[in-house]
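Protein chains in written order, with our numbering: chain S, -19 to 314; chain C, 274 to 528.
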């Protein structure tokens, strides 16, 4: 399937309206059945009614987080894939998200979270930073598919085990349940304060990743050629590492681990931008936002009963996709 | 005028000496061939000259100033390096690959300007790959890919071109095209070209000067007809190579 030429010239021209539509859809769907018209009427009448409260306290944070978190995951996936020149790199697959979750859990567990609001995102960012730095040390030079995935498995298992350890030592069953649900990844019941907490980190992280764009293009021709074009590897690596850690760490700290967005989105959009790593970054932000907003809206349309966790949904859809991608890669290498 | 100068370069890897006191000055307007047997340290020397590896001792100067390692943006505009590895990691079109040579001339968020497009077109025409512009570079043959990557290096419009085996995997016609192109750039534009070559015939025919590297030392440096003599060739390659002449041009045949 080849996309029409105008989409290839301006992929954002198609993605931004779609993002806007899904954002509005996310704002208008919810368990309360409040419509946007009702919200509008309420606002005109002084913004004190139930509809307005539901809109600002429940729906708006949820839609904003979907936008930011999806964008962060999509763009980080695109940047990591460009840096490692490997379409299987993804914040969750290579262990960045699990390590960010571990960092956040440690903060939860230690009780710092109650004394400092910034503690949870900072913990998540620290976890993600350690994970990406370790990955570069382990797999950054040879950048073999195998090394990368093995390193990612090792990191994910370690982070998972350490998280389980923290949970099994937890003295409080309620806190335990809270952490377990949080780890499954969800946008439900978040507040605007959490949006304000995550947004600056995601913004700075995304800016860092964007600034690495030309270097990612240069890396298409290998590390030597990229360096000879005036892009020192260490500086590029630092930008991608810190950018990913800020964006993904903050996202995971607020919403838990939402997997596979960073894998699926760049992969789907890459043909639209002629496979150019730099041009993939912004569309991947928009595409990640679209995917998370759509999945989160679908989760709410699921009918009565407890709503599915978003992270579970993306993993259920993303894992088979990942397997297909591995098969395709294997066929190409064979 | 000396553009690029290496002084007393030493390099050891895992305790094995790779380069042992190599000095080399690359002048404007000359094509210099770097020849020597496999493992003589040619590619290591090229990487050091390009600022991609720091020598254990000695230094490299571009325009008389020490070359930063890795090179900064200004050096990247002056000097292009064609790697021996022909890696292209994504299925980019040929035009995009060649356009990457313009990156040192562009800011982080600036799109291609008219100067960039002109340079890319000229480089593609020079390397005879303009007709491939919309092809996906990863699907090209080895020789086509080599020309595309050479065009990428030319698109930078460098004053110093370091090319590691630019003529490898090229058919005779394209080998002649590439070598005469390098010569035109040196003689016409006053660039300095240093090319690793394995074909002695090509070295003799197209280079103004050859530098022979053996066991990490310079074993010969001068005009091809003076340097490529049977005694030296037997010493460095360990095989008898007989120089002859066809239509007034030097040829080399192994016995």
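We treat Cβ as the ideally placed atom computed from N, Cα and C, and that holds for glycine.
Neighbours of residue 447 of chain C in chain S, taken as residues whose beta carbon is under 7 angstroms from its own, are absent, since the nearest beta carbon is some 20 angstroms off.
Neighbourhood of residue 366 of chain C in chain S, by CB distance below 7 angstroms: 254, in chain order. The Cβ of residue 378 of chain C sits no closer than 7 angstroms to any Cβ of chain S.
Judged by DSSP in its simplified three-state form, residue 286 of chain S adopts coil rather than helix or strand.
One alpha carbon belongs to residue 216 of chain S, the other to residue 104 of chain S, and they sit about 22 angstroms apart.
Under a 10 Å Cβ-count criterion, residue 479 of chain C is classified as buried, with 16 or more other Cβ atoms of the shown protein chains found around its own Cβ. At a cut-off of 3 residues, the continuous stretches assigned as beta strand (DSSP E) that sit fully inside the segment 436 to 498 of chain C are 465 to 469, 482 to 487, 490 to 495. Rounded to whole angstroms, the gap between the alpha carbons of residue 362 of chain C and residue 13 of chain S is 50 angstroms. Out of S:279, S:220, S:99, the CA that lies nearest to the CA of residue 55 of chain S is found in S:220. Judged by DSSP secondary structure, residue 225 of chain S falls within the alpha helix (DSSP H) whose first and last residues are 213 to 235.
Scanning S:185, S:205, S:302, S:254 for the CA closest to the CA of residue 320 of chain C turns up S:205.
Cβ atoms of residue 415 of chain C and residue 442 of chain C come within 8 angstroms of each other, at about 4 angstroms. Interface residue (Cβ-Cβ distance to chain C less than 7 angstroms): residue 263 of chain S is not classified as such. Excluding its 5 nearest sequence neighbours in each direction, residue 470 of chain C has C-beta neighbours in its own chain below 6 angstroms: 306, 308, 476, listed in chain order. For residue 362 of chain C, DSSP records no beta bridge to any residue.
Closest in C-alpha terms to residue 33 of chain S, from the list S:110, S:181, S:16, comes S:16. If you ignore the 5 residues before and after residue 498 of chain C, its C-beta comes within less than 8 angstroms of the C-beta of 477, 523, all in its own chain and listed in chain order.
Under a criterion of Cβ atoms nearer than 7 angstroms, the residues of chain C adjacent to residue 198 of chain S are, in order, 373, 376. Taking C-alpha positions only, residue 41 of chain S is separated from residue 182 of chain S by approximately 15 angstroms. Per DSSP, reduced to three states, the secondary structure at residue 281 of chain S is coil, with no helix or strand assignment. Neighbourhood of residue 202 of chain S in chain C, by CB distance below 8 angstroms: 356, 358, 360, 362, in chain order.
In this structure, the CA atom of residue 333 of chain C is about 13 angstroms from the CA atom of residue 317 of chain C. In this structure, DSSP gives residue 283 of chain C an extended state, which the three-state scheme calls strand. With 16 or more other Cβ atoms inside 10 Å of its own Cβ, residue 192 of chain S counts as buried.
Listed by position along chain S, the residues whose Cβ is nearer than 7 angstroms to that of residue 346 of chain C are 210.
In the three-state reduction of the DSSP assignment, residue 240 of chain S falls in the coil class. Counting of Cβ neighbours within 10 angstroms places residue 311 of chain S among the exposed residues, the total staying below 16. Taken atom to atom, the span from the alpha-carbon of residue 70 of chain S to that of residue 271 of chain S is near 15 angstroms.
If you draw a straight line from the Cα of residue 237 of chain S to the Cα of residue 136 of chain S, it is about 12 angstroms long.
The three-state secondary structure of residue 61 of chain S, taken from DSSP, is helix. Nearest C-alpha to residue 481 of chain C among C:491, C:501, C:487, C:398: C:501.
CA-CA distance, residue 109 of chain S to residue 222 of chain S, rounds to 6 angstroms.
In this model, residue 287 of chain S and residue 134 of chain S are separated by some 32 angstroms (Cα to Cα). Shown here, residue 171 of chain S sits in coil according to DSSP, grouped into three states, outside any helix or strand. Using a Cβ distance threshold of 7 angstroms, residue 111 of chain S and residue 165 of chain S do not count as a contacting pair. Pairing residue 461 of chain C with residue 301 of chain C gives a Cβ-Cβ distance that is not under 7 angstroms.
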